[in-house]
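Written out below as structure tokens is the structure these notes cover.
Number of protein chains: 2
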Amino acid sequence: MSHARAAVHRAARVAPAFAALSGARRAELLGRIADALDARADELVAVAGQETDLPEARLRGELARTTAQLRKFGAVVTEGAYLEATVDHADPGDTPPRPDLRRMLRPIGPVAVFAASNFPFAFSVAGGDTASALAVGCPVIVKTHPGHPGTSAFTATLVAAALAEGGAPDGVFQTVEGFEEGLELVDADELEAVAFTGSLRGGRALLDRCTARERPIPFYGELGSLNPVVVTPDADAARGAALAAGLAGSFQLGDGQFCTKPGLVLVPEGSALEAALPDSVVAGEPRMLTPAIADGYASGRDRAAAIPGVEVLAGGGGATAPTVLAADAATLLAHRELLDEVFGPVTVLVRYRDAAALQEVLETLEGSLTMTLHAEPEEDVTGLADWMAGRAGRVLFGGWPTGVAVSWAQHHGGPWPATNTVFTSVGATAVRRFLRPVAYQDAPASALPEALHDDNPLGIPRRVDGVYVLPATPAG
Amino acid sequence: MSHARAAVHRAARVAPAFAALSGARRAELLGRIADALDARADELVAVAGQETDLPEARLRGELARTTAQLRKFGAVVTEGAYLEATVDHADPGDTPPRPDLRRMLRPIGPVAVFAASNFPFAFSVAGGDTASALAVGCPVIVKTHPGHPGTSAFTATLVAAALAEGGAPDGVFQTVEGFEEGLELVDADELEAVAFTGSLRGGRALLDRCTARERPIPFYGELGSLNPVVVTPDADAARGAALAAGLAGSFQLGDGQFCTKPGLVLVPEGSALEAALPDSVVAGEPRMLTPAIADGYASGRDRAAAIPGVEVLAGGGGATAPTVLAADAATLLAHRELLDEVFGPVTVLVRYRDAAALQEVLETLEGSLTMTLHAEPEEDVTGLADWMAGRAGRVLFGGWPTGVAVSWAQHHGGPWPATNTVFTSVGATAVRRFLRPVAYQDAPASALPEALHDDNPLGIPRRVDGVYVLPATPAG
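Protein chains in written order, with full-length UniProt numbering: chain A, 1 to 476; chain B, 1 to 476.
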């Protein structure tokens with residue numbers, strides 16, 4: 001048996017014991033992990049900095065986000081509404097007649113997490129996918145990313161020690177390395193779900209593999225995104241230079257290595273934004289996260305720049321130089337390959353003449369994690385906002401899409417090719433991916449989980465006989 | 001363009017207008033459909049009776065369930081908690097800093113519904129999948145089942161007329177017929193989800209096809225189930241004959257043509273249940289729903305009966321005769337094909353000698369829609385109940401799995417091969433399949449849906465700054 005298959009088997013054996021822990025107990029374990037990472041922040045940031053060349057301030061911020069996220073998921077499962085506990089007492093008069101039915105969500109079982117290259121903390125070994133799976137009681141096997149092996153190993157050691165010290169069942173957190181082990185993981189009989197953040201190509205292959213199993217399992221993939229931005233003529237006239245500065249900061253942040261990087265900006269012809277943007281582009285050739293990403297960036301950018309009608313407004317020279325491309329709407333409509341995501345510090349300005357031309361370009365767009373609108377307060381943007389909400393997971397007004405807050409209302413997901421799922425991978429509801437409902441019919445109290453007992457001993461919000469009821473004394 | 005593709009295109013064009021209707025408006029439309037079906041109940045039941053040979057009382061009950069279900073989904077979307085409306089005001093002090101974020105669920109778009117053979121009303125043209133998609137604002141294209149074409153056409157006419165009279169946008173409800181049109185439907189560019197109730201083989205093919213699309217879409221499949229039942233020695237001793245009567249009623253109900261039919265019953269050796277059951281088996285050869293189902297039943301049952309060590313306790317003679325098979329645990333362990341679902345009036349008793357043998361058989365079971373336990377009140381069944389909850393979507397105590405109530409706490413789903421999803425196809429939460437989240441960041445009030453306005457004009461339950469808040473005056 002491969003290491004990966006053995007890891008899944010071990011996780012499956014310990015899954016019931018882990019699932020049996022209370023939400024408060026799992027929250028305590030997540031808190032221990034967060035504390036352990038915070039305590040070693042200087043060393044973690046140093047290792048990650050060496051491996052990824054990301055600046056220290058960014059890495060410190062990302063680690064703080066990561067540990068805050070662990071604690072937030074702990075609060076989510078302590079509060080308990082995530083269980084969707086529902087009690088319907090028997091009602092012989094209903095159509096059809098109703099027995100006593102009680103429903104709640106239960107952990108799905110062992111989850112494989114594929115770490116991303118671009119967030120060595122927040123989307124890696126102890127990142128959001130791991131945190132949300134552990135929070136709800138699913139054992140995790142992380143397939144580490146080869147872009148930051150030392151950071152991964154160090155983090156894994158700290159996580160494992162924190163779990164052991166906290167008394168977690170042995171085997172709820174494991175790691176595997178390498179491409180082949182990753183595939184073995186997906187194929188392992190007892191695996192119940194895969195969470196992935198990475199390229200469309202890699203994600204598509206894993207989705208197909210999850211579906212092709214004898215027993216298909218859910219694949220939760222975040223596969224990158226174009227993140228289009230629309231600037232209205234009024235907004236451009238009122239603050240074009242400021243918008244250029246904001247855009248420059250967003251598309252070059254982290255050398256453009258974010259899934260929420262704005263890759264396409266629709267501007268009016270002759271815009272002040274276009275005039276001002278080239279001055280904000282940083283000279284030089286940043287070191288990218290991995291050589292493969294650097295190669296992919298250069299070739300993708302050069303392919304876009306070579307499209308007839310595309311101009312290089314800034315950069316474009318060196319292999320990894322930040323670059324601004326520009327084209328008229330007609331060029332985009334004739335060359336849809338300009339819409340392919342290029343991971344790295346490049347953005348494409350597309351000029352539109354009037355509202356009709358803007359609409360024509362909008363109709364070509366596929367799903368994205370985000371869409372952003374810059375308009376003036378007096379403009380009626382209802383229709384455009386609604387259209388964006390039909391194509392994106394998050395619609396921003398007057399901001400920039402990089403930077404993803406972690407809260408109850410966050411949604412990080414969007415129609416294909418952004419993701420393949422109706423769930424989020426960031427924010428409180430990310431835990432729903434690793435849960436499935438179970439209904440108990442006419443169960444004696446002794447056979448029911450506490451969440452479904454009549455007297456609500458956990459003090460959690462529940463729906464009882466159709467009415468949502470908040471506990472007098474909330475848990476946590 | 002095929003009829004199916006044209007239908008999807010039409011549905012996509014009308015989707016925004018339908019999504020814009022309020023929950024209360026859509027509830028009114030569902031009520032109109034229910035009223036229209038109730039008003040023509042005599043004729044509907046007559047047509048369905050001719051086509052399916054199901055008894056009139058069953059069909060009347062199923063139609064009542066169907067119209068009750070339409071009204072219940074109306075109540076769900078009027079109340080509004082299903083939107084998961086969430087408001088997080090800006091918090092610059094959060095880690096990372098948080099802008100104003102507001103999240104809600106939105107309709108996914110055009111949905112294809114594949115009608116089932118065995119419920120000409122409740123899982124067909126105006127059944128649960130159609131009701132839940134329409135309830136949340138998704139246009140529906142039903143692929144009708146060839147087993148009851150007249151019932152389907154009649155129902156479709158009534159539904160379309162009710163929607164038109166209620167002022168629904170034209171094109172939110174359509175039907176297509178035939179195998180090839182069904183495939184065209186799944187392949188249509190603008191389709192957003194498929195809901196299916198039917199065989200494992202058919203569902204698997206559709207799942208693969210949904211995934212193989214250039215833009216994969218979710219497949220929500222209910223693919224049948226073995227529905228194992230465990231009878232403890234104490235329960236058998238206390239009421240074996242009564243259990244036999246209950247089992248006989250359940251496995252022969254509707255001539256065994258239910259996805260929740262108990263297909264495997266684990267009984268102690270020498271059980272009173274086994275002794276009493278043969279007398280409760282009905283003689284004769286019922287007409288099945290379709291010739292294909294009749295053929296499948298006879299061949300599946302005969303294949304199981306031919307396994308060395310399997311005895312025919314009752315029936316087994318005629319092509320569609322209700323049948324009871326029995327075998328020792330060792331036979332099942334040596335011949336796992338005895339676990340293949342046979343759709344129709346057959347159940348298999350498997351005798352176990354002791355708790356260890358029972359456990360060994362349990363470990364061979366795959367996922368099911370239901371698992372059922374018959375035990376005595378003084379027995380400790382916690383462990384067994386928990387084990388069942390890990391393998392089934394609904395765990396029953398002291399009852400029989402046929403008959404599925406429609407309520408908030410119902411769950412009709414289970415681990416593969418029962419279904420392929422973490423959602424239900426029956427009960428209030430079935431609507432979640434046809435929704436996806438969207439977050440609005442720093443949106444002006446004018447660009448926000450009403451569900452997310454600060455003053456909560458819809459009067460719906462919401463989570464605000466992390467705290468669940470119930471409206472002073474609930475909607476509806």
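Glycine included, C-beta positions come from ideal geometry on N, C-alpha and C. Bear in mind that the values here come from a model prediction, so they are computed numbers and not experimental data.
Please look up how many angstroms separate the CB atoms of B:T95 and B:V142, rounded, as I've assumed it's under 8 Å.
Not confirmed; about 49 Å, so no contact.
Cβ atoms of B:A443 and B:A85: under 8 Å apart, would you say?
No, they are not a contact pair.
Tell me whether the stretch 72-87 of chain A and the stretch 387-405 of chain B touch, counting them as touching only if at least three CB pairs, one residue from each stretch, are closer than 8 Å.
Because the criterion of three Cβ pairs below 8 Å is not met, the stretch 72-87 of chain A and the stretch 387-405 of chain B do not touch.
Using 8 Å as the threshold, is the C-beta distance between A:Y297 and A:G224 below it?
No, these two residues do not count as a Cβ contact at 8 Å.
Ignore the nearest five residues each way along the sequence and tell me which others in A:E341's own chain have a CB closer than 7 Å to its CB.
Excluding sequence neighbours, A:E341 sits near G224, S225, L226 and G263.
Just by C-beta distance, which residues in the stretch 454-469 of chain B are closer than 7 Å to chain A?
Result list: P461, R463, G466 and Y468.
What are the complete beta strand (DSSP E) segments, minimum 3 residues, inside the stretch 365-400 of chain B?
Within the stretch 365-400 of chain B, the complete beta strand (DSSP E) runs of at least 3 residues are 368-374 and 392-397.
Would you identify the three-state DSSP class for A:V267, choosing helix, strand or coil?
The answer is strand: DSSP assigns A:V267 an E or B state.
List, in chain order, every chain B residue whose beta-carbon is nearer than 9 Å to that of residue 488 of chain A.
No information on residue 488 of chain A is available, as it lies outside the stretch 1 to 476 that chain A covers here.
Beta carbons nearer than 8 Å to chain B: which residues of the stretch 48-65 of chain A have them?
Result list: G61, A64 and R65.
Based on the DSSP output, what are the partners of B:T232 in its beta bridges?
According to DSSP, B:T232 bridges with nothing at all.
Could you give the uninterrupted runs of the alpha helix (DSSP H) lying entirely in the stretch 277-341 of chain B, keeping only those of 4 residues or more?
You should have 291-305 and 329-334.
First and last residue of the alpha helix (DSSP H) that includes A:E450?
Unbroken run through A:E450: none, as it is neither H nor E.
By the DSSP assignment, the beta strand (DSSP E) with B:K261 in it spans what residues?
Neither: B:K261 is in no beta strand (DSSP E) and is coded neither H nor E.
With a threshold of 8 Å between beta carbons, is B:T144 in contact with chain A?
So, not an interface residue.
Please return the same chain residues whose Cβ sits closer than 6 Å to the Cβ of B:F114, not counting the five positions on each side in sequence.
So the qualifying residues of the chain are K143 and F196.
Counting only Cβ pairs nearer than 7 Å, list the residues of chain A close to B:L101.
A405, S407, A409 and Q410, listed in chain order.
Report the three-state DSSP secondary structure of A:K361 (helix, strand or coil).
The sequence as given places Val at residue 361 of chain A; Lys does not occur at that position. In this structure, A:V361 counts as helix in the three-state DSSP scheme.
Is A:P139 close to chain B? Criterion is C-beta to C-beta, closer than 8 Å.
No, because no Cβ of chain B sits closer than 8 Å to the Cβ of A:P139.
Does B:T151 have its Cβ less than 8 Å from a Cβ in chain A?
So, not an interface residue.
Provide the residue span of the alpha helix (DSSP H) that contains B:E51, from first to last.
Unbroken alpha helix (DSSP H) run through B:E51: A41 to T52.
Keeping to the same chain, check which residues put their C-beta closer than 6 Å to that of B:T323; ignore five residues upstream and five downstream.
R301, G315, G316 and V346.
Starting from the beta carbon of A:A81, find every residue of chain B whose beta carbon is closer than 9 Å, and list them in chain order.
Residues of chain B passing the Cβ test: R463 and Y468.
A:R394 and A:L365 - do their beta-carbons sit closer together than 8 Å?
For A:L365 and A:R394, no; Cβs fall outside 8 Å.
Using C-beta distances below 8 Å, list every residue in its chain close to B:L339, excluding the 5 sequence neighbours before and after it, in chain order.
Correct list, in chain order: L226, L264, L332, T364, L365 and E366.
Just the C-alpha distance for B:L349 and B:A375, rounded to the nearest angstrom, thanks.
So the two alpha carbons sit approximately 17 Å from each other.
Please state whether the Cβ-Cβ distance between B:V125 and B:R102 is less than 8 Å.
No, they are not a contact pair.
Taking CB distances under 8 Å as the criterion, tell me whether A:A447 reaches chain B.
Output row for A:A447: interface = yes.
Inspect the beta-carbon positions of A:G399 and A:T372 and report whether they are closer than 8 Å.
Cβ atoms of A:G399 and A:T372: closer than 8 Å.
Less than 8 Å between CB atoms is the rule here; does B:N118 satisfy it with respect to chain A?
Taking Cβ atoms only, chain A never reaches closer than 8 Å to B:N118, which makes this a no.
Just mark B:D236 as buried or exposed, buried being the case when its beta carbon has 16 or more other beta carbons within 10 Å.
With 16 or more Cβ atoms within 10 Å of its Cβ, B:D236 is classed as buried.
Tell me, please, whether the CB atom of A:D94 is closer than 8 Å to any CB atom in chain B?
True, the Cβ-Cβ gap to chain B drops below 8 Å.
Out of B:Y220, B:L183, B:L30 and B:A75, point me to the one whose CA is closest to B:F173's CA.
Nearest of B:Y220, B:L183, B:L30 and B:A75 to B:F173, Cα basis: B:L30.
From the beta carbon of A:N227, is the nearest beta carbon of chain B less than 8 Å away?
A:N227 does not count as touching chain B.
Between A:R5 and A:A188, which are expected to be in contact by the criterion C-beta below 8 Å, what is the C-beta distance as a whole number of angstroms?
Confirmed, Cβ separation roughly 5 Å.
Would you say B:D302 faces chain A, with C-beta separation under 8 Å as the test?
Closer than 8 Å: no.
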